[in-house]
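Counted from 1, the sequence shown has number 48 at position 58 by our numbering; the numbering is strictly sequential.
The structure under discussion appears below in the form of structure tokens.
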Amino acid sequence: MKRCSVYILASQKHGALYVGFTGDLARRAWEHGEGLVEGFTKTYDVKQLMHFEMFDEPEPAIRREKSLKTWPRDWKVDPIERDNPDWAGLYSALTR
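Pasting the structure below:
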């Protein structure tokens, strides 16, 4: 079974944020990092993977993504600050 992910990207520390869902986090993070995804992330240079959550099934992941997208900005920053306080890009950790 393929795992699904909900992720938060940032343009920089405390910069623009983007919440997304994918079935292939490494590929999707690479696409964002290379600026290949049209729309908000490309327009605002949102490329750095800051936080992600893994799910065994797509339905709870999709619900989580939709929920996160309704959250105020401060609430979206909280899991980044808690799990990644240095705001270090996490893409390289996925590809080791």
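Positions of the beta carbon are idealized from the N, C-alpha and C atoms, including for glycine.
- Within the DSSP bridge table, the entry for residue -1 names 8 and 39 as partners.
- Between the alpha carbons of residue 31 and residue 8 lies a distance of about 7 Å.
- Scanning 38, 22 and 10 for the CA closest to the CA of residue 80 turns up 38.
- Per DSSP, the unbroken alpha helix (DSSP H) holding residue 84 starts and ends at 81 to 84.
- Bounds of the alpha helix (DSSP H) holding residue 15 are 15 to 23.
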